[in-house]
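Chains as they are written, first to last, in our numbering: chain A, -13 to 148; chain B, 815 to 1143.
These notes are about the structure you will find just below.
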Amino acid sequence: MKLEMKDQPGQLVAALKPISAVGGNIIAVIHQREATTPVEGLDVQIVLELPEGRLDSLLELLREQGVSVVRIGEERLLYECTLIMIGHLMHTDISDTVDRIDRTGSAEVTELSLVMPAINSPSSARITIRSTTRTEMKKAIRILREVAREKELLIIEPLEGA
Amino acid sequence: MMRIAILGFGSVGRGIARAILAKNLDITVTGLADSKSGIIDAGGIDLAAALARKENGGACGNAGVSPADVVAKADYDVLVEVTPTNVEDGEPALGHIRAALRRRKHVVTSNKGPIALAYPELRALAEESGVFLKYEATVCGAIPLIHAMQEGLAGNTISRLYGVFNGTCNYILTRMAAEGLTYDQALAEARELGYAEADPTYDVEGIDAAIKLVILANTVLDMRTVLDDVERTGISLLTPDALQLAEDQDCTIRLIGEIVPEAGVLRVSPRIIEKDHPLVVEGTLNAVTVGTDLAGDLTFIGKGAGSTETASAVIGDLLYIQSRHVQGS
């Protein structure tokens, strides 16, 4: 998320305060004066983790502080987890398998590599899931485990979590 | 001089006998039995002769002497119980261990069945009789994991314990990853080399690893668990494609046993793991990481099976007992 604010003392603090107020976690703050920035403005990029549904209230608080948000980054899914699935992936409707995770709204399948072997042999796929929070990732993996049980697929999880 | 009786004269029993012959351990064997025969000799059994008889396809002793006779009648300080594991009811080893403890004899075993199934009872019996019950060889062969956790890491809280507990599976997965073999091809190769049994179920379905988790949970982590508590997935459905998909990301797949005491997690399952991770060991090796609060993470790597290697764990237990307390010496 990229914020633009007035170049006055205390402005950075004013921009950061509301983030903790809404339960957000600041991951990085990058600020630099650029030639393209208007003289009275200061560009600050803040990378942060935010509980679900708090973005609107954060933007509201920032506006009250006189901080204008230039751009909200599109990369909102911070956690990534790659798993491998083995089984009759096509016959058990792989798009449904993917959809069950995407439907959560807070986790989604961002990559899928499928290897098709000989007819009637089980196929293997690598699936990458991204989510907004660790809790959501755990939930997505739980869903995938349920789907695997139902469709008799083998799920290989990473040793270390998301 | 410590006197011992050995039950079981297969790979482990013979490994112990060879080590006693080769090294000056101050141990005399006064009782010996395999499934078909036995010898009792208070003056000390001629181990070299017994080994020669067994290796020529014969019995180790006399057909009229049973393992129960050796347990009940031989004159020994420590019973060394090294017969094959029975995961159903632990018998006949469980009965023999009980009988020896009741006779106030120390017991050292490599047999997973009795320890996984009846540890609290056996431990109480040993305490009542004022003797030791040691079982280092039940988990990860030569690696002194139990000793390290009970002695070296005493006072630490274990937050997580995880690793490669089954050499057969590790061999199969290593070969599938290295050569692109199918599961069946790698299993056939493991059988040819003597790493897998004719019926590989016990290893490849993760039962062996799960039993080791139960033993660690019950004996060193103060948990009360049974085999059915372990969430278990084996490796028999793995495909070369799956290993290649892992490889594409500089990862591989290993069968990992995992205990998280606080969360009550007991799990054996194939997992994706970075190739440079310390638990990625080759061939039949075992590797275990213990996560602790004071000592940090410790990783143990070593041979998880084999005649001499398992004998090493048994002898370590015997000498532990010898150094602390031996009756009649």
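Where a beta carbon is used, it is the ideal one built from N, C-alpha and C, also for glycine.
Mind checking Leu130 (chain A): buried by the 16 CB within 10 Å criterion, or exposed? Its Cβ being crowded by 16 or more others within 10 Å, Leu130 (chain A) is buried.
His920 (chain B) lies in the beta strand (DSSP E); which residues open and close that run? Element bounds for His920 (chain B): His920 to Thr923.
Between Cys1065 (chain B) and chain A, is the shortest Cβ-Cβ distance under 9 Å, so that the two count as touching? Yes, Cys1065 (chain B) counts as interfacial toward chain A.
Can you list the residues of chain A that Ala1060 (chain B) reaches, using a CB-CB cut of under 7 Å? Around Ala1060 (chain B), the beta-carbon contacts reaching into chain A at under 7 Å are Ile70.
Between which two residues does the alpha helix (DSSP H) containing Ala0 (chain A) stretch? Taken as a continuous stretch (DSSP letters only), the alpha helix (DSSP H) holding Ala0 (chain A) covers Gln(-3) to Ala7.
Can you pull the chain A residues whose beta carbon is under 9 Å from the beta carbon of Thr1047 (chain B), in chain order? Chain A residues near Thr1047 (chain B): Leu140, Ile141 and Ile142.
What are the start and end residues of the alpha helix (DSSP H) that includes Asn1032 (chain B)? If you look at Asn1032 (chain B), you'll find it in the alpha helix (DSSP H) that goes Ile1021 to Thr1033.
Residues in the same chain with beta-carbon distance under 8 Å from Arg1138 (chain B), minus the five sequence neighbours each way, listed in chain order, please. Excluding positions up to five away in sequence, the list reads Phe946.
Give me the residue from B:Ile1049, B:Ala864 and B:Val879 with the minimum Cα distance to Lys872 (chain B). Checking the sequence shown, residue 872 (chain B) turns out to be Gly, not Lys. Taking each of B:Ile1049, B:Ala864 and B:Val879 in turn and checking the Cα distance to Gly872 (chain B), the smallest one comes out for B:Ala864.
What are the partner residues of Thr1113 (chain B), as DSSP defines its beta bridges? Beta-bridge partners assigned by DSSP to Thr1113 (chain B): B:Thr1103.
Considering only their Cβ atoms, is the gap separating Ala882 (chain B) from Gly909 (chain B) smaller than 9 Å? Closer than 9 Å, so yes.
Nearest-angstrom Cα distance between Lys868 (chain B) and Gly1120 (chain B)? When rounded, the separation of the alpha-carbon atoms in Lys868 (chain B) and Gly1120 (chain B) is 18 Å.
Would you decide whether Gln964 (chain B) is buried or exposed? Buried here means 16 or more other CB atoms lie within 10 Å of its CB. An exposed status is given to Gln964 (chain B), since fewer than 16 other beta-carbon atoms sit within 10 Å of its beta-carbon.
Which residues in the same chain have their Cβ closer than 6 Å to the Cβ of Gly1105 (chain B), if we skip the five residues on either side of it in sequence? These residues qualify, in order along the chain: Ser973, Arg974 and Asp1111.
Helix, strand or coil at Lys868 (chain B) according to DSSP, with G and I counted as helix: Three-state result, Lys868 (chain B): helix.
Coarse secondary structure for Ser1143 (chain B), derived from DSSP in three states: Here Ser1143 (chain B) scores only 44 on pLDDT, less than 50, and its place in the model is too uncertain to base an answer on.
So Leu130 (chain A) contacts chain B; which residues on that side make the cut at Cβ distance below 7 Å? In chain order: nothing, as chain B lies at least about 14 Å away.
Classify Cys67 (chain A) as helix, strand or coil using the three-state DSSP reduction. Strand, per DSSP.
Which residue or residues does DSSP assign as beta-bridge partners of Asn11 (chain A)? In the DSSP assignment, Asn11 (chain A) forms a beta bridge with A:Glu35.
Let me check one thing: in DSSP terms, what residues is Gly73 (chain A) bridge-paired to? Per DSSP, the beta bridge partners of Gly73 (chain A) are A:Ser109.
Contained alpha helix (DSSP H) runs [length at least 4] in the region 903 to 979 of chain B, N- to C-terminal order: Within the region 903 to 979 of chain B, the runs of alpha helix (DSSP H) that reach at least 4 residues and sit entirely inside it are, in chain order, 907 to 916 and 926 to 943.
With a threshold of 16 other CB atoms inside 10 Å of the CB of Asp1017 (chain B), please say whether the residue is buried or exposed. Looking at its Cβ environment, which holds 16 or more other Cβ atoms inside 10 Å, Asp1017 (chain B) is buried.
Would you tell me roughly how many angstroms separate the C-alpha atoms of Val101 (chain A) and Glu146 (chain A), rounded to the nearest one? Cα-Cα distance, rounded: 24 Å.
Nearest CA to the CA of Asn984 (chain B): which residue from B:Thr1066, B:Arg1038 and B:Glu950? For Asn984 (chain B), the closest C-alpha among the options B:Thr1066, B:Arg1038 and B:Glu950 is that of B:Thr1066.
Name the chain B residues whose beta carbon is nearer than 8 Å to that of Leu98 (chain A)? Chain B residues near Leu98 (chain A): none, gap ~11 Å exceeds 8 Å.
Within chain B, the residues that Arg120 (chain A) reaches when beta carbons sit closer than 9 Å: None at all; the shortest Cβ gap to chain B is about 15 Å.
Could you tell me the boundaries of the alpha helix (DSSP H) in which Met102 (chain A) lies? Under the DSSP assignment, Met102 (chain A) falls outside any alpha helix (DSSP H); it carries neither an H nor an E label.
CB Thr1124 (chain B) to CB Tyr976 (chain B), shorter than 9 Å? Going by C-beta atoms, Thr1124 (chain B) is not nearer than 9 Å to Tyr976 (chain B).
Nearest chain B C-beta to Gly73 (chain A) closer than 9 Å, yes or no? Closer than 9 Å to some Cβ of chain B, the Cβ of Gly73 (chain A) qualifies, so yes.
As assigned by DSSP and simplified to three states, the class of Gly91 (chain A): Coil at Gly91 (chain A), not helix or strand.
Does any residue of chain A bring its CB to less than 9 Å from the CB of Asp998 (chain B)? At a cut-off of 9 Å between beta carbons, Asp998 (chain B) makes no contact with chain A.
For the structure I just gave you, are there three or more beta carbon pairs, one from the region 122 to 141 of chain A and one from the region 83 to 96 of chain A, closer than 8 Å? A contact exists between the region 122 to 141 of chain A and the region 83 to 96 of chain A.
Taking just the CA atoms, how far does Met815 (chain B) sit from Ser1143 (chain B)? At Ser1143 (chain B), the pLDDT of 44 sits below 50, so the modelled position is not reliable; the number obtained from the coordinates is stated separately. Spanning the two alpha carbons is a distance of roughly 6 Å.
Between which residues of its own chain and Val1147 (chain B) is the CB-CB distance below 7 Å, once the five residues before and five after are set aside? Beyond the ends of chain B as shown, which are 815 and 1143, falls residue 1147 (chain B); an answer cannot be given.
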